[in-house]
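*Asks:* Residue numbers (the working numbering), protein chains in the order written: chain U, 11 to 436; chain F, 11 to 436.
Even for Gly, the Cβ is constructed at its ideal location relative to N, Cα and C.
This is the structure I want to talk about, given as structure tokens.
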């Protein structure tokens with residue numbers, strides 16, 4: 011693997027800007043990688059090599075202005091694209107051609123990126139497993155729902171790709187596939203043109219292989235090169251947040267988190283044990299109530315009128331939601347709001363939290379997918395979370411390290427995780 | 011006007027259930043009314059009489075189970091319908107046929123309603139005026155953006171219709187056209203399949219001619235006949251909320267609000283003056299910042315790549331949003347959250363507030379459309395608001411009375427406004 015597919019988005023964009031690399035050459039190398047790997051990894055729902063190459067050649071002919079000029083990007087297939095089919099992971103909508111690009115796709119085009127293609131998503135970003143396989147061991151799961159994007163980035167098909175998270179759909183596949191995954195504060199990026207799962211927590215984010223790329227991609231999304239700029243920021247204090255679920259994590263996960271804490275300590279950071287008030291333990295269940303209630307309303311059309319094309323997993327979710335009362339739904343949202351209001355105080359001493367990502371390494375395809383018990387409640391808290399690639403675990407698979415920050419404090423949060431990424435790499 | 015188009019949804023549903031009216035007869039009378047009035051009122055973007063009649067006949071053949079069985083409903087044309095074009099008020103999307111019904115349309119079908127057609131919306135529910143005219147004086151405005159729905163309901167084309175509000179898009183046309191308009195607490199009804207304007211405040215609601223119908227429609231939306239059931243609820247204390255903008259209201263508006271307060275007082279209700287803390291005065295401007303920032307992200311595709319099909323009003327909104335910094339946007343959202351947190355305390359004494367709706371009666375078509383200064387900030391507060399039809403003003407046009415309640419307290423709020431509706435009718 012010596013081609014340009016190996017480059018980060020930041021490196022590739024720099025070389026293209028300087029004239030030492032063309033977008034066509036970069037996209038060609040990425041396509042060669044995809045050609046070699048896709049039969050095993052199944053990361054792509056729709057990819058027309060000629061279409062991507064034509065975009066690349068057009069970028070090469072234009073002035074390199076945007077932050078991602080000429081860099082290929084993967085787009086999760088719940089995100090509308092005007093010039094490529096959008097299937098939402100559902101067999102009902104194989105042939106849909108949306109009348110517009112989603113706002114986030116337009117942001118990429120404004121930044122000069124090349125749309126490589128559409129990546130596999132679980133059905134409607136829900137709980138029905140999709141076809142992608144873990145690039146580190148194709149007998150193993152990628153984690154859902156942004157599975158194709160995480161696999162494609164981890165496997166060097168593209169340097170960056172969109173994901174979205176309602177429960178655990180960015181952090182989990184990032185942890186299992188071994189790449190950086192960033193779920194920003196709720197509301198950071200526009201969701202127009204993205205099919206909703208549950209609006210109370212639906213959040214657009216992205217995958218990359220380095221923190222530099224996560225930040226560059228965020229800048230491109232916002233059209234703002236000053237976002238989280240200024241370089242790595244040393245945290246004063248890191249909270250080790252085991253959560254009430256700590257005992258349910260595998261030994262490899264526990265060891266990875268504790269090792270990271272120890273190494274940050276050796277790097278001179280004050281690492282303290284961080285425990286949530288007991289009320290926070292109910293957030294994981296509350297997220298499931300919210301998700302089911304909202305999904306039941308959202309997918310009423312498919313459930314009522316297109317039932318044959320809906321998976322049993324999705325139908326069960328709608329039924330669970332219809333069995334969830336308005337009172338239960340409101341109680342879950344009220345709990346979330348109470349906990350959100352406590353967060354600034356809880357984070358007044360420790361600016362950033364270290365916590366497990368997935369509860370175990372990627373399971374085999376035929377094994378249960380796990381509960382995302384270290385991920386879901388952050389979604390309901392609306393705070394930014396990010397997966398860094400940790401050590402290889404006892405199964406030989408990547409183990410993720412999750413970091414969490416304060417709501418809408420994404421700029422400092424990203425700079426601090428960039429500092430931690432560098433510290434842990436030493 | 012003696013036909014069934016005169017019936018409320020509640021009356022019509024009852025008669026259909028009892029067998030003394032068919033859906034076909036009801037829809038036929040509504041279509042006759044539309045045929046007579048539509049050339050002047052221009053409430054409908056898309057209406058195929060045969061399609062609506064076919065739906066009505068199908069309802070007549072089926073068992074009357076749903077709460078709105080056989081009752082025709084108007085659907086604002088930013089809401090997706092699988093079997094009718096959806097234009098979003100934009101000349102870019104005349105021919106769009108969405109692959110699905112929006113969640114709210116499915117809820118109506120589940121309740122047995124007949125989809126009459128699509129009602130006129132301003133472009134993307136934004137600030138560019140649409141074609142509908144005020145049914146009380148077709149030289150006058152309807153108010154935007156849910157203009158066709160408000161006009162259609164007020165003019166007896168349909169008893170109920172969908173609206174949506176981001177700034178003032180339900181309360182204002184309800185006030186100008188003279189019907190009941192209800193914007194629920196933020197997040198009450200699913201927005202899947204509704205094109206967003208600004209997600210921080212986008213809220214689905216509806217128009218009707220009576221509070222009974224508003225409640226029945228809400229029950230149908232939630233599939234829950236117990237929602238806000240139990241009949242009218244006498245408020246203990248009503249707050250007269252003039253707001254800092256009071257002096258900008260027309261004399262007719264001031265007189266209508268003060269007269270309503272006096273009549274509630276005579277009905278034995280304790281009416282007290284209610285004043286917000288000074289910080290709330292910034293909410294109107296904050297809403298405009300939020301709306302512009304989010305709309306700029308949402309409509310990037312049209313602005314970048316379909317500019318010729320976008321109105322100058324919409325392009326200006328995108329440009330304003332692009333000139334709004336992330337800091338300004340966050341400051342506006344932070345202000346909104348601080349004010350929201352104060353609301354339960356502020357409403358601890360007065361359960362419901364009375365305040366102006368629009369600042370004046372419906373202007374002439376060529377006059378400025380007004381600022382919605384009595385409406386916008388409620389949208390940012392996320393609380394339920396409702397327009398009741400007040401007296402005729404000095405221009406001979408309806409004057410609205412706006413009521414506001416506590417967040418997610420919609421059930422009691424609706425029952426209290428039902429009590430007030432009856433009290434003011436005496």
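What are the partner residues of residue 128/U, as DSSP defines its beta bridges?
*Replies:* The sequence position of residue 128/U within the first chain is 118, counting from 1. According to DSSP, which records beta bridges pairwise, residue 128/U is partnered with 56/U and 85/U.
*Asks:* Could you tell me which chain U residues have their CB closer than 8 Å to the CB of residue 201/F, listed as they occur along the chain?
*Replies:* For the purposes of this step, residue 201/F is taken as the residue at position 191 of the second chain. Within 8 Å Cβ-Cβ: 206 and 209.
*Asks:* Could you please give the first and the last residue of the uninterrupted beta strand (DSSP E) stretch that includes residue 175/F?
*Replies:* Locating residue 175/F in the second chain gives position 165, where the first residue counts as 1. Element bounds for residue 175/F: 170-175.
*Asks:* Quick one: which residues of the region 131-143 of chain F get their C-beta closer than 9 Å to a C-beta of chain U? List them in chain order.
*Replies:* none
*Asks:* Taking 6 Å as the limit between beta carbons, can you name the residues of its chain near residue 155/U, skipping five residues before and five after?
*Replies:* Reading the first chain from its first residue, position 145 is the one you call residue 155/U. These residues qualify, in order along the chain: 131, 132, 135 and 179.
*Asks:* Hey, which unbroken runs of the alpha helix (DSSP H) at 4 residues or more fall wholly within the region 94-147 of chain U?
*Replies:* Segments of the alpha helix (DSSP H) lying fully in the region 94-147 of chain U: 113-120.
*Asks:* Name the chain U residues whose beta carbon is nearer than 9 Å to that of residue 120/F?
*Replies:* Stepping through the second chain from its first residue, residue 120/F is reached at position 110. Within chain U, the residues near residue 120/F are 310 and 314.
*Asks:* Quick check on the burial criterion: 16 or more other C-beta atoms within 10 angstroms. Buried or exposed for residue 28/F?
*Replies:* Counted from its first residue, the second chain places residue 28/F at position 18. Label assigned to residue 28/F: exposed.
*Asks:* Using a Cβ-Cβ cutoff of less than 7 Å, which residues in the same chain neighbour residue 35/U once the five nearest sequence positions on both sides are dropped?
*Replies:* Working through the first chain from its first residue, we reach residue 35/U at position 25. Result list for residue 35/U: 14, in chain order.
*Asks:* Residues of the region 400-418 of chain U with a CB closer than 8 Å to any CB of chain F: list them in chain order, please.
*Replies:* 418
*Asks:* Span of the beta strand (DSSP E) holding residue 377/U?
*Replies:* For the purposes of this step, residue 377/U is taken as residue 367 along the first chain, with counting starting at 1. For residue 377/U, no beta strand (DSSP E) run applies, since DSSP gives it neither H nor E.
*Asks:* Which same chain residues, not among the five before or five after residue 237/F, have their C-beta less than 7 Å away from its C-beta?
*Replies:* On the second chain, residue 237/F is found 227 positions in, with the first residue counted as 1. Same-chain partners within the cutoff: 228, 229 and 421.
*Asks:* Between 90/U, 426/U, 116/U and 419/U, which has its C-alpha nearest residue 107/U's C-alpha?
*Replies:* Start at 1 with the first residue of the first chain, and residue 107/U comes out as number 97. Measuring from the Cα of residue 107/U, the nearest candidate turns out to be 90/U.
*Asks:* What's the gap between the Cα of residue 428/F and the Cα of residue 225/F?
*Replies:* Your numbering for residue 428/F matches position 418 in the second chain. Your numbering for residue 225/F matches position 215 in the second chain. Straight-line Cα distance between these residues: approximately 9 Å.
*Asks:* Output, in chain order, the set of chain U residues within a Cβ distance shorter than 7 Å of residue 103/F.
*Replies:* The residue labelled residue 103/F in the question sits at position 93 within the second chain. Neighbours of residue 103/F on chain U, chain order: 109.
*Asks:* So what's residue 204/U in DSSP terms, helix, strand or just coil?
*Replies:* Indexing the first chain from 1 puts residue 204/U at position 194. DSSP places residue 204/U in the strand class (E or B) of the three-state scheme.
*Asks:* Tell me whether residue 71/F is buried or exposed, calling it buried when 16 or more other Cβ atoms sit within 10 Å of its Cβ.
*Replies:* Stepping through the second chain from its first residue, residue 71/F is reached at position 61. Looking at its Cβ environment, which holds fewer than 16 other Cβ atoms inside 10 Å, residue 71/F is exposed.
*Asks:* On the three-state DSSP scale, how would you describe residue 305/U?
*Replies:* Your numbering for residue 305/U matches position 295 in the first chain. It is helical.
*Asks:* Measure from the C-beta of residue 51/U to each C-beta in chain F and report whether the shortest distance is under 8 Å.
*Replies:* For this step, residue 51/U is matched to residue 41 along the first chain. False, the Cβ-Cβ gap to chain F never drops below 8 Å.
*Asks:* Could you spell out where the beta strand (DSSP E) holding residue 281/U opens and where it closes?
*Replies:* Position 271 of the first chain, counting from 1, holds the residue named residue 281/U. Unbroken beta strand (DSSP E) run through residue 281/U: 280-283.
*Asks:* Going by CA-CA distance only, name the one from 352/F, 384/F and 123/F that's closest to residue 67/F.
*Replies:* Reading the second chain from its first residue, position 57 is the one you call residue 67/F. If you compare the alpha carbons of 352/F, 384/F and 123/F with that of residue 67/F, the shortest gap goes to 123/F.
*Asks:* Classify residue 397/F as helix, strand or coil using the three-state DSSP reduction.
*Replies:* Sequence index remark: in the second chain, residue 397/F carries index 387 (1-based). If DSSP states are grouped into helix, strand and coil, residue 397/F belongs with the strands.
*Asks:* Can you tell me where the alpha helix (DSSP H) holding residue 1/F begins and where it ends?
*Replies:* Chain F is shown only over 11 to 436; residue 1/F falls outside these bounds and no answer can be derived.
*Asks:* Can you tell me which of the three DSSP states residue 387/U falls into?
*Replies:* Translated into positions along the first chain, residue 387/U becomes position 377. DSSP places residue 387/U in helix when its eight states are reduced to three.
*Asks:* Using the beta-carbon of each residue, which ones in chain U are nearer than 9 Å to residue 197/F?
*Replies:* As a working note, residue 197/F is residue 187 in the second chain. In chain order: 209, 210, 304 and 343.
*Asks:* Within 10 angstroms of the Cβ of residue 406/F, are there 16 or more other Cβ atoms? Answer buried if so, exposed if not.
*Replies:* As a position in the second chain, residue 406/F is number 396, starting the count at 1. Here residue 406/F is exposed, its C-beta having fewer than 16 other C-beta atoms within 10 Å.
*Asks:* Mind checking which residues open and close the alpha helix (DSSP H) that includes residue 36/U?
*Replies:* Stepping through the first chain from its first residue, residue 36/U is reached at position 26. The continuous alpha helix (DSSP H) containing residue 36/U extends over residues 33-51.
*Asks:* Taking 8 Å as the CB-CB limit, is residue 113/U close to chain F?
*Replies:* Translated into positions along the first chain, residue 113/U becomes position 103. Yes, because at least one Cβ of chain F sits closer than 8 Å to the Cβ of residue 113/U.
*Asks:* To the nearest angstrom, report how far apart residue 384/F and residue 245/F are at their CA atoms.
*Replies:* In the second chain, residue 384/F corresponds to position 374, counting from 1. In the second chain, residue 245/F corresponds to position 235, counting from 1. Looking at the two C-alpha atoms, the distance is approximately 22 Å.
*Asks:* Can you list the residues of chain F that residue 116/U reaches, using a CB-CB cut of under 8 Å?
*Replies:* For the purposes of this step, residue 116/U is taken as residue 106 along the first chain, with counting starting at 1. Here the neighbours are 310, 311, 314 and 315.
*Asks:* In this structure, how does DSSP classify residue 152/U when only helix, strand and coil are distinguished?
*Replies:* The sequence position of residue 152/U within the first chain is 142, counting from 1. Reduced to three states, the DSSP call for residue 152/U is coil.
*Asks:* Express the C-alpha separation of residue 337/F and residue 375/F in angstroms, rounding to a whole number.
*Replies:* Reading the second chain from its first residue, position 365 is the one you call residue 375/F. Reading the second chain from its first residue, position 327 is the one you call residue 337/F. About 37 Å.
*Asks:* Helix, strand or coil for residue 216/F? Go by DSSP, reduced to three states.
*Replies:* Residue mapping note: residue 216/F aligns to position 206 of the second chain, counting from 1. Three-state DSSP puts residue 216/F in a strand.
*Asks:* Tell me whether the beta-carbon of residue 142/F lies closer than 8 Å to the beta-carbon of residue 52/F.
*Replies:* Position 132 of the second chain, counted from the start, is the residue given in the question as residue 142/F. Position 42 of the second chain, counted from the start, is the residue given in the question as residue 52/F. Cβ atoms of residue 142/F and residue 52/F: closer than 8 Å.
*Asks:* Against chain F, with Cβ distances strictly below 8 Å, would residue 72/U count as a contact?
*Replies:* The sequence position of residue 72/U within the first chain is 62, counting from 1. No, residue 72/U does not count as interfacial toward chain F.
*Asks:* Could you give the DSSP three-state label for residue 421/U: helix, strand or coil?
*Replies:* By one-based count along the first chain, residue 421/U stands at place 411. Helix, per DSSP.
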